[in-house]
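Taking our numbering, the leading residue of the sequence shown gets 52, the next gets one more, and so forth.
See structure below.
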Amino acid sequence: MNIKQGHIDRRQATALLWLAASAKVLLVVPALLVGEGFSASWLIPLGSATIVAAAVLPGLALMKRFPGRSLAGAAEEAVGPIAGRAAGLVLAAFLATDAALVLRQFSDTFGSVILPRTPIPVITLVLVLTAVYSAYTGLESIGRLSMFLVPWLLSFYALVPTGGAPDPSLARLLPFWGPGPGNLAVQALEHTGLYSELLTLLILIPYLRKPAAGRSVAFWVIGLTAAVMTLVQVAVLATFDVLGPDRLLYPAIHLVHLVTLGRLDASIEPLFILIWVLIVTVKLSVVLWTLSTHLAETLRLPQFKPLLPIVAVIALAGSLLPGGLQQTNNLYHVTVTHVGGAAVFVLPGLLWLAAVLRGRRAA
Numbered sequence: 052m053n054i055k056q057g058h059i060d061r062r063q064a065t066a067l068l069w070l071a072a073s074a075k076v077l078l079v080v081p082a083l084l085v086g087e088g089f090s091a092s093w094l095i096p097l098g099s100a101t102i103v104a105a106a107v108l109p110g111l112a113l114m115k116r117f118p119g120r121s122l123a124g125a126a127e128e129a130v131g132p133i134a135g136r137a138a139g140l141v142l143a144a145f146l147a148t149d150a151a152l153v154l155r156q157f158s159d160t161f162g163s164v165i166l167p168r169t170p171i172p173v174i175t176l177v178l179v180l181t182a183v184y185s186a187y188t189g190l191e192s193i194g195r196l197s198m199f200l201v202p203w204l205l206s207f208y209a210l211v212p213t214g215g216a217p218d219p220s221l222a223r224l225l226p227f228w229g230p231g232p233g234n235l236a237v238q239a240l241e242h243t244g245l246y247s248e249l250l251t252l253l254i255l256i257p258y259l260r261k262p263a264a265g266r267s268v269a270f271w272v273i274g275l276t277a278a279v280m281t282l283v284q285v286a287v288l289a290t291f292d293v294l295g296p297d298r299l300l301y302p303a304i305h306l307v308h309l310v311t312l313g314r315l316d317a318s319i320e321p322l323f324i325l326i327w328v329l330i331v332t333v334k335l336s337v338v339l340w341t342l343s344t345h346l347a348e349t350l351r352l353p354q355f356k357p358l359l360p361i362v363a364v365i366a367l368a369g370s371l372l373p374g375g376l377q378q379t380n381n382l383y384h385v386t387v388t389h390v391g392g393a394a395v396f397v398l399p400g401l402l403w404l405a406a407v408l409r410g411r412r413a414a
């Protein structure tokens, strides 16, 4: 079943998914990639994008095979109600993990970098309440906010390479292959979770005004996300070298500290903080909307809004798990970035294969 709510067009879907994916770039992803790919870490997002462009096709084919169905409904059609609902709950568990770890990352980052005098629990509560309200207003409002933010984010990305960071050098990207082509190929395969927002695409396809545009949205999101991750990675490496990002927890934030507006000598940090806060809101809103909508569809509930307080409490509880920020970042890197590809691409692909083998399609 599909839950009755608003619809968005292809541009809004692309914008909100791209913004949600871009939120990762502003946190620890650049440092984690440098720790694994060294001078060639900028090639990892490109390699992963190539793999993801093929890996997303079975999931899109599954949704096309059952037009008008939700992802949960397509899973039940493909493998039966019991196995289909179990698959839906597995995806819901992945989304809940993503929500909890994202909330913890953003809260700790705000508390340590932007608002050091504010208690982190206060920041966490404000973030989750804002995201819950945004998700409660529905997909259309999130789409409109995303369209408003896109030009501002593009302006920010344009300022970073032209903003006069001291002593950047592309020679720091050498050796070109870093740890070697074979190692990079493995890293690209392991980092397909960088594009985990494509699971949200499969869930929102029934809420597109033209569901057939899902494939176009997927490729646009993959291309834009790969471009942003690659360019930010190149900028970080050219500025800090291989050893720098490995020591810096938030290299993108440290890069912004160094960038000024040419002869004006004005910092772009205030603009960055404003854009970052809004992108965080979009990211958390998308995650909570996706989780509550998919869970409601899996449980065959008529509305997703009553589940929002429940998923918010789950995210809050998960964000309060013991451990420091570095442990949280490592856990996110393992469960979402590394293992996420299995939930986002492999499971929908297996559901599509089961539907084909069993000859199941929409009546």
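All C-beta atoms in this analysis are idealised placements derived from N, C-alpha and C, irrespective of residue type, glycine included.
Since the structure is predicted, the reported quantities are computational estimates derived from the model, not experimental observations.
Check: At least 3 beta-carbon pairs within less than 8 Å: the segment 389-400 vs the segment 84-93; Outcome: no
Check: Among W69, V285, L70, the one whose alpha carbon lies nearest that of F227; Outcome: V285
Check: Counted within 10 angstroms of its Cβ, other Cβ atoms place P415 as buried (16 or more) or exposed; Outcome: Residue 415 lies beyond the stretch modelled for the chain, which goes from 52 to 414, so this question has no answer here.
Check: Cα-Cα separation, V333 to R260; Outcome: 21 Å
Check: Length of the line joining the Cα atoms of S197 and L67; Outcome: 5 Å
Check: 6 Å Cβ shell around P219 - same chain, five flanking residues per side excluded; Outcome: A289, T290
Check: Spatial distance of Y383 from P118 (CA atoms); Outcome: 33 Å
Check: Cβ-Cβ distance between L358 and L346 below 7 Å; Outcome: yes
Check: Straight-line Cα distance separating P132 from Q265; Outcome: According to the sequence provided, residue 265 is Gly. The question's Gln does not apply to it. G265 and P132: Cα-Cα distance of roughly 25 Å.
Check: Any chain D beta carbon closer than 7 Å to A144; Outcome: Protein chains in the displayed structure number just one, and chain D is not present.
Check: Three-state secondary structure (DSSP) of L259; Outcome: strand
Check: Beta-carbon proximity check, V387 vs V76, cutoff 7 Å; Outcome: no
Check: I59 - partner residues in DSSP beta bridges; Outcome: L259
Check: Burial state of V79, where buried means 16 or more other Cβ atoms lie within 10 Å; Outcome: buried
Check: Where A123 falls: helix, strand or coil (DSSP); Outcome: helix
Check: Candidates V287, A263, A209, Y246: closest to I273 by CA position; Outcome: Y246
Check: Nearest-angstrom Cα separation, counted from V103 out to G392; Outcome: 9 Å
Check: Whole-angstrom distance between A366 and L178, CA atom to CA atom; Outcome: 11 Å
Check: Opening and closing residue of the alpha helix (DSSP H) in which A406 lies; Outcome: 398-409
Check: C-alpha distance - D149 paired with L250, whole-angstrom precision; Outcome: 12 Å
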